[in-house]
Amino acid sequence: MNGFRSLDDLSETPVCHLSFFEADAYARWAGHRLPTEFEWEHAASQLGLLRKEVESQPAVLTYQPDPAQKLAAIPAVQANLFETGNLHPTPASGLSGLQQMFGDAWEWTASGYTGYPGYKPLPGALGEYNGKFMSSQVILRGGSCVTPTTHIRPTYRNFFSPSTRWQFSGLRLAQDASNNTA
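Number 84 in my numbering belongs to position 74 of the sequence shown; there are no gaps in the numbering.
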């Protein structure tokens, strides 16, 4: 979408265009796992409120960590979404802490696509139509570098077949606290 790039230019950017099977296989190979969608959403909610207005660029989305959450110090971060014009994932900053939750690459989770608690399918054809999509799908979270800011929020979810290499789909590694060896 933005022309050819050398491998050197891409070496520090998030890997993308992975299927769920590839993301899961890498996570296991690395001694980790993919987060559940609930873990992902909890982590994203710890980053503080999303702001869709920056003085010079009102369409750019930033998030400012909530100091009450006692996370590693992370300054306000610009999410790499469509309006940045990058059209490709960008490298993370050298700072420690949770980064790139919104934008850059959709992140596969370990969760199958089901309705939220309390979800009731609509009666008739529409309920039947939606029911087809709630079968054999896996949740992705976080948006990508081509997701518009008007779509993104911590609860925004996408879903695809696990064999699909969806545009800019990547991964985030998770590990259990009792297995904190990395």
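Backbone N, C-alpha and C define an ideal beta-carbon position, used for all residues, glycine too.
Give a yes or no on whether the C-beta atoms belonging to residue i and residue j are separated by under 7 Å.
{"i": "residue 99", "j": "residue 114", "result": "yes"}
{"i": "residue 47", "j": "residue 146", "result": "no"}
{"i": "residue 167", "j": "residue 149", "result": "yes"}
{"i": "residue 123", "j": "residue 178", "result": "no"}
{"i": "residue 24", "j": "residue 92", "result": "no"}
{"i": "residue 127", "j": "residue 30", "result": "no"}
{"i": "residue 97", "j": "residue 155", "result": "yes"}
{"i": "residue 117", "j": "residue 180", "result": "yes"}
Any heavy atom of the ligand FMN within a distance shorter than 6 Å of the CB on residue i?
{"i": "residue 163", "result": "This structure lacks the ligand FMN, and indeed carries no ligand of any kind."}
Going by the DSSP bridge assignment, what does residue i pair with across the sheet?
{"i": "residue 148", "result": "122 and 170"}
{"i": "residue 43", "result": "184"}
{"i": "residue 90", "result": "113"}
{"i": "residue 179", "result": "116"}
Taking the alpha carbon of residue i as the point to measure from, which residue in the options has its own alpha carbon closest?
{"i": "residue 18", "options": "170, 119, 183 and 101", "result": "101"}
{"i": "residue 34", "options": "188, 186 and 182", "result": "182"}
{"i": "residue 185", "options": "140, 119, 159 and 142", "result": "119"}
{"i": "residue 108", "options": "32, 152 and 97", "result": "152"}
{"i": "residue 57", "options": "137, 112, 38 and 139", "result": "112"}
Could you pull out every residue in the same chain whose Cβ sits closer than 6 Å to the Cβ of residue i, ignoring the five residues on either side in sequence?
{"i": "residue 27", "result": "175"}
{"i": "residue 54", "result": "111 and 164"}
Give every residue of the same chain whose Cβ lies closer than 7 Å to the Cβ of residue i, excluding the five residues on either side of it in the sequence, and list them in chain order.
{"i": "residue 125", "result": "144"}
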